[in-house]
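In the working numbering, the protein residues as written are 34 to 291.
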Amino acid sequence: MLLRRGDGLIRLLHVGDDEVIVRARESGGAVRFLAESASRDAAAEGVERMRFALGVDHDLSEFHARFRSDPLIGPVIRVRPWLRPRRRAEPFEALAWAICEQLIESRRAAQVQRRIVLRHGRRGACGTLVAPPSAARLAGRSPAELDACGLAPKRSVALVAAAREVASGRADLRRHESSWRRLRAIPNIGSWTIEMLAFEGQGRDDQLPALDLDYVDLVGRLAGLGRRATEDEVRAFFAPYEEYAGLAGIYAINRRYL
């Protein structure tokens, strides 16, 4: 998991069988990365994954130009042009954590995720860093082992089933739409979970997790509904942003911080 150490961040990753420790910190107006691994190629891959997770290569110039005067998100673009969505270094991590976060308060979900990492993650050679479990590792677990981490039984079954689909290659997360169709066939994996995978793990700016509580509350208020919006109402609200719907959602939520 991503940890703060001193003035920077540190993360343990695995590229195949190679362990990679990546550090990131801001220096001179830029984000600088340092990777440690026995393999140069694995270190380079680890840096690329962390660059994706932190959004340092996310070019938003077209998005900014197009919506700079938009009444909803334009003020955020003008005041916080540096804003980038935080993503996950591994697509499967985004999928697994989305399953953990279904219908649960965020603090409780974080506790469950920490227990899963500590019990089923892969500890680094240093002994102090632990990487979240891979699909292959969770594919070998029983749902009861995840129940013991505090995950609801239906979510445990869904997470193990999803891990087996990914580990076997039947759901190839590099192939977005086909993997979504495969995963949607698993009970208790719905549109919100797939959209969280797409946005946080696969870098899809067009995918808006429309059933997210933040969005149903926001649209209900902005549209003057006097209630929480439905999934279809949230999608219709953000439809004008087209291929940037998911990104526009992040900017809309951040209006509260202006």
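The beta carbon of each residue, even a glycine, is placed where N, CA and C say it ideally should be.
Using only the alpha-carbon positions, how far apart do residue i and residue j sit?
i      : j      : result
GLY107 : ARG120 : 22 Å
ASN287 : ARG73  : 38 Å
PHE100 : PRO273 : 11 Å
PRO176 : MET34  : 22 Å
GLU52  : ILE137 : 32 Å
GLU266 : VAL252 : 8 Å
VAL145 : ASP92  : 34 Å
ARG38  : VAL55  : 12 Å
ARG113 : GLU95  : 15 Å
ALA75  : LEU246 : 38 Å
ASP40  : LEU116 : 20 Å
ALA158 : GLY259 : 54 Å
ARG203 : ALA77  : 27 Å
Would you mind working out which of the options sits nearest residue i, comparing C-alpha positions?
i      : options                        : result
ALA131 : GLU69, ARG56, ILE227, ALA86    : ILE227
GLU178 : VAL199, THR161, VAL150, ASP205 : VAL150
ASP250 : ASP180, GLU264, ALA196         : GLU264
ARG147 : ALA57, ALA71, LEU184           : LEU184
HIS209 : ALA256, ALA143, ASP239, CYS182 : ASP239
TRP225 : TYR248, ASP205, ALA181, PRO186 : TYR248
LEU244 : GLU134, ASP50, ALA168          : GLU134
LYS187 : GLY202, TRP213, LEU116, ILE222 : ILE222
Provide the residue(s) that pair with residue i in DSSP beta bridges, ordered along the chain.
i      : result
PHE66  : ALA57
HIS91  : In DSSP, HIS91 forms no bridge with anything.
GLU52  : HIS47
ARG141 : Looking at the DSSP assignment, ARG141 forms no beta bridge with any residue, so it has no partner.
ALA131 : Answer is none; ALA131 lacks a bridge partner.
LEU42  : ARG37, ALA57
VAL163 : ARG156
So, residue i versus residue j, is the Cβ gap smaller than 8 Å?
i      : j      : result
TYR284 : VAL109 : yes
HIS153 : ARG170 : yes
MET229 : PRO220 : no
PHE271 : ALA262 : no
ALA68  : GLY79  : yes
GLU198 : ARG215 : yes
ALA36  : VAL64  : Here residue 36 is Leu; the residue named in the question, Ala, does not match the sequence. No, these two residues do not count as a Cβ contact at 8 Å.
ARG207 : VAL193 : no
ARG82  : PHE66  : no
ALA168 : ALA196 : yes
LEU280 : PRO118 : yes
Kindly say whether residue i, judged by its beta-carbon, lies nearer than 8 Å to any beta-carbon of chain D.
i      : result
TYR274 : Among the protein chains of the structure shown there is no chain D, as only one such chain exists.
- prompt: Three or more C-beta pairs closer than 8 Å, one from the region 118-132 and one from the region 234-253: is that the case here?
  reply: Taking one beta carbon from each stretch, the region 118-132 and the region 234-253 have 3 or more pairs nearer than 8 Å; the two touch.
- prompt: Between the region 44-62 and the region 155-171, do three or more beta carbon pairs fall short of 8 Å?
  reply: Flag = yes, the region 44-62 and the region 155-171 touch.
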